[in-house]
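As structure tokens, the structure follows; a few thoughts come after it.
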Amino acid sequence: MDDLIKKIQNKYDMTVLQHKTIRDTPKSLVIYLETTNGKFIGKAFPLQKERLHFILNAEAHLRKNGVHIPDIQRTKNNKRYITHKEKLFVLHQRLSWPNIAYTSPLRMERIGTVLGKIHARSLGFSSKYGKLYNGAEKWSAEYKTDLAALEKWELQHTGKNDRKYATIAEYLPFFKQAGVTAKEHLLSSPYFSTWKREPLTKHFLCHGDFNNGNLLVSNQRIAIIDWEDVRYDFPSKDIARVLSLAMRKNDQWNEDLFSHLLRGYLRENPLSIRQLHLLFVDLAFPHIIERFLRKKQYDQMNIAEIQQFCNREALKIAFMLDEMKAHV
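Numbered per full-length UniProt numbering, the sequence shown spans residues 1 to 328.
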């Protein structure tokens, strides 16, 4: 750490008054710094330069278009990052704002408004590395793979005398059928077919980890941090993340919360009927269930918690299937 602090002081022409390690894993290092130039969050990642350029350029595009993202601190040579032990190190301005909670309908509407603003203002972003981070290319294969994973899990656990497996098995036929139906709508969607072939400047940028820990609020302003998962993709990916965390926080599917989220979203980023159809297709597909089974999240849950989780996912998916069919 001492070597890194010395390098920061030299490359950024600042004095580090104090520092604290927030996270130190083989994948990433995150530190908090108080310096003569202000307070910063420093991150070191074993990323390829192409990936870091895509992330930093996406942030710059969004900042230019009015999205509040903490600024990058440039080095004294006007570089956006330095290297340390074969990792790329970036300094962002540190904001001491609290997180916003996913609790009330009005807060969900506000979050939807911010997310809609991000997606709408991301259009036009161009990167020479864009083809490497184009989510649209993966959808068809992902749907096929996830459906096969549900089938495989069911086959592996059929006949096992375990109440957890039995509880999940009660819901699996519904989840599988929902996945099949959503996949059929995906493959027959004229918009999906067109969207995949559109220039990437007409694709939205998705944050990739749009959780309330990455949303900092101060009065009427919301800043968005941690853009390491940013990519070209469709709004459903970020909306699904918000919805999943809100359902976990409230222990239930709540149509009212979703309605407020979508209302706020569409105010900033109006979607056509065909775009809404694709949105509901993706929200109806059991992505969350596939991840739940693949990550064996049920191992850390009791029977009642598994029942509650599966039930709220089933209610959500049933709602999305209805909306999907209504927007054909």
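Glycine residues also receive a C-beta, built at the ideal position from the N, C-alpha and C atoms.
Check: Beta bridge counterpart(s) of ASP24 as assigned by DSSP; Outcome: LEU29
Check: Which listed residue (ILE222, HIS287, LEU200, ILE100) has its alpha carbon closest to that of GLU137; Outcome: LEU200
Check: Nearest-angstrom beta carbon gap, LYS20 and TYR32 [assumed within contact, 8 angstroms]; Outcome: 5 angstroms
Check: Which residues DSSP lists as bridging GLU34, in chain order; Outcome: GLN18, LYS39
Check: ILE224 vs HIS203 beta-carbon contact at 8 angstroms; Outcome: no
Check: For ILE273, the first and last residue of its enclosing beta strand (DSSP E); Outcome: No beta strand (DSSP E) holds ILE273; the alpha helix (DSSP H) holding it covers 273–284.
Check: C-alpha distance - ARG294 paired with GLU313, whole-angstrom precision; Outcome: 16 angstroms
Check: VAL16 vs ILE22 beta-carbon contact at 8 angstroms; Outcome: no
Check: Terminal residues of the alpha helix (DSSP H) in which GLN307 lies; Outcome: 303–326
Check: Short Cβ contact (8 angstroms threshold) for GLN93 with GLY38; Outcome: yes
Check: Proximity of LYS131 and ILE82 at Cβ, strictly below 8 angstroms; Outcome: no
Check: Same chain, Cβ closer than 7 angstroms to TRP97, neighbours up to 5 away in sequence not counted; Outcome: LEU216, VAL217, SER218, ALA223
Check: Simplified DSSP assignment, three categories, for ALA60; Outcome: helix
Check: GLY112 beta carbon less than 8 angstroms from that of LEU262; Outcome: yes
Check: Cβ neighbour criterion (16 or more within 10 Å) applied to VAL328; Outcome: exposed
Check: Own chain partners of TRP153 with C-beta closer than 6 angstroms, once the 5 adjacent residues on each side are dropped; Outcome: LEU293
Check: Option in GLN9, GLU268, ASN57, ARG197 with minimal Cα separation from GLU34; Outcome: GLN9
Check: Beta-carbon proximity list for HIS260, same chain, < 6 angstroms, skipping 5 on both sides; Outcome: PRO105, MET108, GLU109
Check: LYS117 versus PHE174: straight-line alpha-carbon distance, rounded; Outcome: 35 angstroms
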